[in-house]
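A.B. asks: For reference, the structure I am asking about is given below.
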Amino acid sequence: MVVKNNEFLQISGDFNMTYVLGLTGGIASGKSTVSNYLYEQGAVVIDADIVSRQVVRPEAKGLLALVSEFGKQIQNEDGTLNRAALGEIIFNDQKKRDVVNGLLHPLIKEEMLNQVKFAEEKGVDLVVLDIPLLFESKCEQYCDAVLVVDVSPETQKGRLMRRNDFTQKEAQARIDSQMDPAERKKRADFVVNNDASEEQTYQQVDILLEDILN
Numbered sequence: 415m416v417v418k419n420n421e422f423l424q425i426s427g428d429f430n431m432t433y434v435l436g437l438t439g440g441i442a443s444g445k446s447t448v449s450n451y452l453y454e455q456g457a458v459v460i461d462a463d464i465v466s467r468q469v470v471r472p473e474a475k476g477l478l479a480l481v482s483e484f485g486k487q488i489q490n491e492d493g494t495l496n497r498a499a500l501g502e503i504i505f506n507d508q509k510k511r512d513v514v515n516g517l518l519h520p521l522i523k524e525e526m527l528n529q530v531k532f533a534e535e536k537g538v539d540l541v542v543l544d545i546p547l548l549f550e551s552k553c554e555q556y557c558d559a560v561l562v563v564d565v566s567p568e569t570q571k572g573r574l575m576r577r578n579d580f581t582q583k584e585a586q587a588r589i590d591s592q593m594d595p596a597e598r599k600k601r602a603d604f605v606v607n608n609d610a611s612e613e614q615t616y617q618q619v620d621i622l623l624e625d626i627l628n
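Converting from the sequence shown to the working numbering requires adding 414 to each position, the first position being numbered 1.
Laid out in structure tokens, this is it:
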């Protein structure tokens, strides 16, 4: 059964011992750097990208739903999802992309709920929900607070160009397709600037951890 949002909220309201911190940021902001550091400090990190792959494993609900909708052409011979084939189907077709999101997003949220609940039952102090499009998917409602990793436009564009071998135009187009950074920061409870060294970023995270856990 797919868990409804109000059911998630009812359960998440019982997380008395576990602090749930949402983590998000723009592309090439260095969110993974912060996520990895939080993990090293003992947090349980639930990565939405990893969960999204789990729900489309062979025989998983997500893959079965996609095959039912789009046919076996989106499966490889070994039963795994053929991402290239699915990409061709939904490319430049917002309606079909919405169908995919409508099928998978509830399953992703359900699995993340299960993992948060399991961590709470184990007495974990801090759970991090690492979600690239946290605000866009309205997942802030599941968090005690949200941490945004911020970076200057110049640094962000430079990192993206180096990492993905993009031109300036390609990098800017990717950045422009996301939520405005000012809006993201406005909706955050905490903001960590990741323009400088990793050590300086870690120092900011340490202050945050002391604040929320003490």
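All residues carry an ideal CB built from backbone N, CA and C; glycine is no exception. Model, not experiment: these values are computed from the prediction.
When the Cα atoms are used, what is the spatial distance from L574 to D564?
C.D. replies: Roughly 14 Å separates the two Cα atoms.
A.B. asks: Short check: CB of G691 to CB of Q582, under 8 Å?
C.D. replies: Past the edges of the chain, shown from 415 to 628, lies residue 691, and the structure says nothing about it.
A.B. asks: What number of angstroms, rounded off, separates the C-alpha of S561 from the C-alpha of V542?
C.D. replies: For clarity, residue 561 is Leu in the given sequence; the question names Ser instead. If you take the alpha carbons of L561 and V542, they lie about 10 Å apart.
A.B. asks: For G444, count the other beta carbons within 10 Å of its own beta carbon; 16 or more makes it buried, fewer makes it exposed. Which is it?
C.D. replies: G444 should be labelled buried.
A.B. asks: Using the rule of at least 16 other Cβ atoms within 10 Å of the residue's Cβ for burial, across every protein chain shown, is L478 buried or exposed?
C.D. replies: Exposed.
A.B. asks: Please classify T615 as buried or exposed, where buried requires at least 16 neighbouring CB atoms within 10 angstroms.
C.D. replies: Its Cβ being crowded by 16 or more others within 10 Å, T615 is buried.
A.B. asks: What is the DSSP secondary structure of I425, reduced to helix, strand or coil?
C.D. replies: In this prediction, I425 has a pLDDT of 41, which is less than 50 and means its spatial position is unreliable; nothing more can be read from the coordinates.
A.B. asks: Helix, strand or coil, according to DSSP, for L480 in the structure here?
C.D. replies: Looking at L480 - three-state DSSP - the assignment turns out to be helix.
A.B. asks: What is the DSSP secondary structure of I545, counted as helix, strand or coil?
C.D. replies: The answer is coil: DSSP assigns I545 none of H, G, I, E or B.
A.B. asks: The alpha helix (DSSP H) that contains V448, what's its start and end?
C.D. replies: Its alpha helix (DSSP H) spans residues 445-454.
A.B. asks: Helix, strand or coil: how does DSSP classify Q489 here?
C.D. replies: Residue state, collapsed to three classes: strand.
A.B. asks: Please list, in chain order, all residues of the same chain as E519 whose beta carbon is under 8 Å from its beta carbon, the five residues on each side excluded.
C.D. replies: According to the sequence as given, residue 519 is His; it is not Glu. Hits under 8 Å: S551.
A.B. asks: Within 10 angstroms of its Cβ, does G436 collect 16 or more other Cβ (buried), or is it exposed?
C.D. replies: By the neighbour-count rule (16 or more Cβ atoms within 10 Å), G436 is buried.
A.B. asks: Okay, do the segment 499-511 and the segment 525-535 touch, 3+ Cβ pairs below 8 Å being the bar?
C.D. replies: Touching, no.
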